[in-house]
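Encoded as structure tokens, the structure appears first; notes follow it.
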Amino acid sequence: MEIERFQADVLCVGGGIGGLMAAMRASELGAKAVVAEKGNATHSGKGGGGCDHYLCYIPEVHGPDMDAYIAEMLQTQQRHNFEGLGMKRIRVHIANTFDMVKMWDSWGIPMKYDGEYHFAGHAFPGGFRCLMKYGGRKQKPILTKKALEKGVEIVNRVMVFDLVSDGEKVCGAIGMDTRDDKIVLFEAKSVILGTGGISRLYPSPTPGWFNNIATRLSLTGDGRAMAYRAGAELQNVEMRIQHAGPKYYARFGQATWIGVFRDPHDKPIGPFVTKPERLYGDITPEVNKNIFLEYAQEGRGPVYIDGRGMSQEDLDYMMYWLPHEGNTPLIEHMKEEGIDYLKHPVEFMTYDHGSGGRIVTNDRAETSLKGLYAVGDELANGVSNASVFGWISGERAAQYAKQADTPDGNKINKMINEKKTLAEKIRGRKNGPDWKEVNVALQQIMSDYAGPLRTEALLDAGLYHLRRLKQKALDTMMAGNQHELGRSLEVLNMIDIGELVFIGSKDRKETRGLFIRPDYPLTNPRVNNNVHVIKKVDEKPVTQWRPMQK
Amino acid sequence: MPPIIEENKCSHCGLCVDVCSEDVFFGSKKKQVPQITYPHECVYCNACVEECPVKGAIRLRLPLPMMLMYKPA
Numbered sequence: 332m333e334i335e336r337f338q339a340d341v342l343c344v345g346g347g348i349g350g351l352m353a354a355m356r357a358s359e360l361g362a363k364a365v366v367a368e369k370g371n372a373t374h375s376g377k378g379g380g381g382c383d384h385y386l387c388y389i390p391e392v393h394g395p396d397m398d399a400y401i402a403e404m405l406q407t408q409q410r411h412n413f414e415g416l417g418m419k420r421i422r423v424h425i426a427n428t429f430d431m432v433k434m435w436d437s438w439g440i441p442m443k444y445d446g447e448y449h450f451a452g453h454a455f456p457g458g459f460r461c462l463m464k465y466g467g468r469k470q471k472p473i474l475t476k477k478a479l480e481k482g483v484e485i486v487n488r489v490m491v492f493d494l495v496s497d498g499e500k501v502c503g504a505i506g507m508d509t510r511d512d513k514i515v516l517f518e519a520k521s522v523i524l525g526t527g528g529i530s531r532l533y534p535s536p537t538p539g540w541f542n543n544i545a546t547r548l549s550l551t552g553d554g555r556a557m558a559y560r561a562g563a564e565l566q567n568v569e570m571r572i573q574h575a576g577p578k579y580y581a582r583f584g585q586a587t588w589i590g591v592f593r594d595p596h597d598k599p600i601g602p603f604v605t606k607p608e609r610l611y612g613d614i615t616p617e618v619n620k621n622i623f624l625e626y627a628q629e630g631r632g633p634v635y636i637d638g639r640g641m642s643q644e645d646l647d648y649m650m651y652w653l654p655h656e657g658n659t660p661l662i663e664h665m666k667e668e669g670i671d672y673l674k675h676p677v678e679f680m681t682y683d684h685g686s687g688g689r690i691v692t693n694d695r696a697e698t699s700l701k702g703l704y705a706v707g708d709e710l711a712n713g714v715s716n717a718s719v720f721g722w723i724s725g726e727r728a729a730q731y732a733k734q735a736d737t738p739d740g741n742k743i744n745k746m747i748n749e750k751k752t753l754a755e756k757i758r759g760r761k762n763g764p765d766w767k768e769v770n771v772a773l774q775q776i777m778s779d780y781a782g783p784l785r786t787e788a789l790l791d792a793g794l795y796h797l798r799r800l801k802q803k804a805l806d807t808m809m810a811g812n813q814h815e816l817g818r819s820l821e822v823l824n825m826i827d828i829g830e831l832v833f834i835g836s837k838d839r840k841e842t843r844g845l846f847i848r849p850d851y852p853l854t855n856p857r858v859n860n861n862v863h864v865i866k867k868v869d870e871k872p873v874t875q876w877r878p879m880q881k
Numbered sequence: 358m359p360p361i362i363e364e365n366k367c368s369h370c371g372l373c374v375d376v377c378s379e380d381v382f383f384g385s386k387k388k389q390v391p392q393i394t395y396p397h398e399c400v401y402c403n404a405c406v407e408e409c410p411v412k413g414a415i416r417l418r419l420p421l422p423m424m425l426m427y428k429p430a
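Residue numbers (this note's numbering), protein chains in the order written: chain A, 332 to 881; chain B, 358 to 430.
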């Protein structure tokens, strides 16, 4: 396999919103910034299909007390996005949001509606509306173009799958070209991981299908897996994430729908609204994402989002935002099927939305390894978060790179040989399971042994099965081309994270929210303000409870 | 399975092949109608449709397991 080399002051792994923002800021500050993107930055990442809501605080709109805004925001689903980060970080984020919004608006991403900043959805009636509606449908093409204008080099179709590190600092990364038979080496003074969340660790709503997901098939926890392997700390990896959306159609946009969630007898399932309210939506599932699953399990479903009684004007408003939120195919489908939302309530469901957790970072997006930063879903969910911490991390990494050493060539060469051998083995096999077979096996172990109910006995059994699967995958998995090799490496990353989910779950001897240990039914108040950290020490995972950053 | 290309409308520009984040069109040849190599990896993000310069040359078909479940009027 041929080796292609790139050099950078700041390497951004993942060309999503976080990675592009980081690279732009680093480039502005004079650093050589390179983005390594697994797909194509123009439409990649969780924001690749668009987005219609941006968490933004404007004193003139929300009043001068930013903490009051934060307190309101933390009563919505945003509390999950910020879990375990601490107030200092939240304040840094919120204080910077309006500057980002103004910058994006000046770049051509429409942040205003009818000429004004407009806040709606994800809100309790009478409370602050914390989310700004914006026209994010073309956000990724616009940000990609802007990054190129600012001198960022974008390398598409390369899957970075390991960091070059001496256990203390990071000085590059190794990737695989996903189209041609090539290894790609990045010698970099600093690395920013903006690699997204994990989409395929748990089954999708459609059994055996990987692509019925709200995000992307290619978001597989690569960043946190390689960060862990390089010695960085992860936190709360065992926590679950549930999402809610149209039944069998895993997609974002729960709060873009305007209507009332009702049971089969037209009774609202929540206490917040009794008729469609365009400025608030029905926030019931943000109080309890599991509510649709609970109705189903208790035989009280189905539950519908019901837009009956709304005005044509409100429907037009909703249909204006749905494409920005990445739902154009849904609208086309409704047209083709003759589904008139003014007449037909649409069923909703709760489904697994990957696994929680993040890379441990501080309020400058620095990880526990020198020269390594994390942004986007590797730090915290949401476009607003990705843009703010992308920008901050780019600034920090550019400053760090000025005094960082040149990467150690010997160490890099040794790592290349290890990775090359693994890749050539997987590509060289003529028989064996492909990535899909390994992925299905992984999903069934995760959902049955580290699913909604986790006991010591189940976790021990599941960890044993998972480790057997890992060995079998390493010994027998085959890939017919570079694309399938990339998918295979993704599955290996997810197996690594799956293993940490088991180990983290075993050590979390309590029940907390959706994390349920029937053998430890109490929530342990002694760890309320702690994060559960996991890192590799002497090649073994070690867990630790640590007070959350204030 | 999605996407669907109307061969007589396709201008062979290759933009859909370039922008697909999942590389559903892996192995497509330049200046030819793109080949849909991995239909089960399409996540219906609509990037190929958005970027296509010829209206109607490419569209997505929502697979049956994903059809919306709605209440009859």
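Even for Gly, the Cβ is constructed at its ideal location relative to N, Cα and C.
Measure from the alpha carbon of A/Thr-546 to the alpha carbon of each residue in A/Phe-413, A/Lys-477, A/Ser-718 and A/Gly-685, then state which is nearest. Minimum Cα-Cα distance from A/Thr-546 among the listed residues A/Phe-413, A/Lys-477, A/Ser-718 and A/Gly-685 corresponds to A/Gly-685.
To which residues of the same chain is A/His-655 closer than 6 Å at the C-beta, ignoring the five residues directly before and after it? So the qualifying residues of the chain are Gly-381, Asp-383, Gly-466, Gly-467 and Arg-468.
Assuming A/Ser-521 is part of the beta strand (DSSP E), what are its boundary residues? Run containing A/Ser-521: 513-524, per the beta strand (DSSP E) assignment.
When the cut-off is 9 Å and only beta carbons count, does A/Ala-485 lie next to chain B? As written in the sequence, residue 485 of chain A is Ile, which differs from the Ala given in the question. A/Ile-485 is outside the set of residues whose beta carbon lies under 9 Å from a beta carbon in chain B.
Thinking just about the alpha-carbon of each residue, which of A/Tyr-635, A/Pro-764, A/Gly-687 and A/Lys-464 is nearest to the one in A/Tyr-672? A check of alpha carbon separations from A/Tyr-672 across A/Tyr-635, A/Pro-764, A/Gly-687 and A/Lys-464 identifies A/Tyr-635 as the nearest.
Tell me which residues of the stretch 368-392 of chain B have at least one Cβ-Cβ distance to chain A shorter than 9 Å, keeping chain order. Taking 9 Å as the Cβ-Cβ cut-off against chain A, the residues of the stretch 368-392 of chain B that qualify are Asp-375, Val-376, Cys-377, Ser-378, Glu-379, Asp-380, Phe-383 and Gly-384.
Chain-order list of residues whose beta-carbon lies under 6 Å from that of A/Glu-678 (same chain, five-residue window excluded): Lys-578, Pro-633 and Tyr-635, listed in sequence order.
So is A/Phe-541 in contact with chain B if we call contact Cβ pairs under 9 Å? Taking 9 Å as the threshold, the shortest C-beta distance from A/Phe-541 to chain B falls below it.
List, in order along the chain, the chain B residues whose C-beta lies closer than 8 Å to that of A/Arg-695? Under the 8 Å cutoff, chain B gives no residues; its nearest Cβ is about 29 Å from A/Arg-695.
Interface flag, A/Met-665 vs chain B, CB-CB below 9 Å: Chain B contact via Cβ: present.
Just to confirm my understanding: we take A/Ile-834, look at its own chain, exclude 5 residues before and 5 after, and list those with CB closer than 6 Å. What are they? Excluding residues within five positions, the ones whose Cβ falls inside 6 Å are Pro-872.
Could you compute how far the alpha carbon of A/Met-490 sits from the alpha carbon of A/Val-515? Straight-line Cα distance between these residues: approximately 9 Å.
Excluding the 5 residues flanking A/Trp-722 on each side, which residues of the same chain have their C-beta closer than 6 Å to its C-beta? Within the same chain, A/Trp-722 has close Cβ partners Met-352 and Arg-356.
Beta-carbon proximity list for A/Tyr-780, same chain, < 8 Å, skipping 5 on both sides: The beta carbon of A/Tyr-780 is closer than 8 Å to those of Leu-789, Leu-790, Ala-792, Gly-793, Leu-794, His-796, Leu-797 and Phe-833 in its chain, skipping five residues each way along the sequence.
Alpha carbon to alpha carbon, how far is A/Gly-394 from A/Asn-860? Give it in angstroms, no decimals. Rounded to whole angstroms, A/Asn-860 to A/Gly-394 spans 28 Å at the Cα level.
Between the C-alpha atoms of A/Arg-639 and B/Cys-377, what's the straight-line distance to the nearest angstrom? Whole-angstrom Cα-Cα distance: 37 Å.
Are the C-beta of A/Gly-549 and some C-beta of chain B separated by less than 9 Å? Checking the sequence, you will find Ser at residue 549 of chain A rather than Gly. Judged by the 9 Å Cβ criterion, A/Ser-549 is in contact with chain B.
4-residue-minimum alpha helix (DSSP H) runs that sit fully inside the stretch 716-761 of chain A, ordered along the chain: For the stretch 716-761 of chain A, whole alpha helix (DSSP H) runs of length 4 or above, ordered along the chain, are 740-759.
Under 8 Å by beta carbon: chain B residues contacting A/His-675: What A/His-675 touches in chain B: Tyr-427, Lys-428, Pro-429 and Ala-430.
Which listed residue (A/Ile-614, A/Gly-811, A/Glu-821 and A/Trp-435) has its alpha carbon closest to that of A/Gly-457: Ranking A/Ile-614, A/Gly-811, A/Glu-821 and A/Trp-435 by Cα distance to A/Gly-457 puts A/Ile-614 first.
Residue-level contact to chain A via CB, B/Glu-407, 9 Å cutoff: At least one CB of chain A lies nearer than 9 Å to the CB of B/Glu-407.
Can at least three beta-carbon pairs, one atom from the stretch 553-561 of chain A and one from the stretch 735-744 of chain A, be found at a separation below 8 Å? Put simply, the stretch 553-561 of chain A does not touch the stretch 735-744 of chain A. Fewer than three CB pairs are less than 8 Å apart.
Integer Cβ distance of A/Leu-479 from A/Ile-485, believed to fall under 8 Å: Right, the Cβ-Cβ distance comes to about 7 Å (below 8 Å), so this counts as a contact.
Quick one: residues in its chain with C-beta nearer than 7 Å to the C-beta of A/Gly-702, no 5 flanking neighbours on either side, listed in chain order? Excluding residues within five positions, the ones whose Cβ falls inside 7 Å are Lys-500, Val-501, Cys-502, Lys-520, Ser-521, Val-522, Tyr-731 and Ala-735.
Inter-residue Cα distance where the pair is A/Gly-506 and A/Met-825: Within the model, the alpha-carbon separation for A/Gly-506 versus A/Met-825 is close to 17 Å.
Can you pull the chain A residues whose beta carbon is under 8 Å from the beta carbon of B/Asn-403, in chain order? Chain-ordered, the chain A residues with CB closer than 8 Å to the CB of B/Asn-403 read Gly-380, Gly-657, Thr-659 and Pro-660.
Please report the distance separating the alpha-carbon of A/Trp-540 from that of A/Phe-429. Distance between the alpha carbons of A/Trp-540 and A/Phe-429 is about 39 Å.
Buried or exposed for A/His-863, going by 16 or more other Cβ atoms inside 10 Å? A/His-863 is classed as buried because its beta carbon has at least 16 other beta carbons within 10 Å across all chains shown.
So which residues on chain A does B/Val-400 lean against when the C-beta distance must stay under 7 Å? Ordered by position in chain A, the residues that pass the 7 Å Cβ test against B/Val-400 are Asn-542, Ile-544, Arg-547 and Leu-548.
9 Å Cβ cutoff met for A/Glu-870 and A/Leu-853: In terms of Cβ geometry, A/Glu-870 and A/Leu-853 do not form a close pair [threshold 9 Å].
Would you kindly check if the distance between the Cβ of A/Gly-417 and the Cβ of A/Met-570 is under 9 Å? Between A/Met-570 and A/Gly-417, the gap from beta carbon to beta carbon reaches 9 Å or more.
Quick check: the Cα distance between B/Tyr-395 and A/Asp-850, rounded to an integer number of angstroms? One C-alpha to the other measures close to 43 Å.
Cβ neighbours of B/Leu-360 in the same chain (closer than 6 Å, five flanking residues each side left out): One detail in the question is off: residue 360 of chain B reads as Pro in this sequence, not Leu. For B/Pro-360, the CB contacts under 6 Å within the same chain, skipping 5 residues up- and downstream, are Cys-405, Ile-415 and Leu-417 in chain order.
Show which residues of chain B have a CB atom less than 7 Å away from the CB atom of A/Lys-578. Result: Met-426.
When the Cβ atoms of the stretch 443-460 of chain A are set against those of the stretch 745-762 of chain A, are three or more pairs found closer than 8 Å? At 8 Å Cβ cutoff, the stretches do not touch.
If you measure from the beta carbon of B/Pro-422 to each beta carbon in chain A, is any gap under 9 Å? Against chain A, the CB of B/Pro-422 has a partner CB under 9 Å away; the residue lies at that interface.
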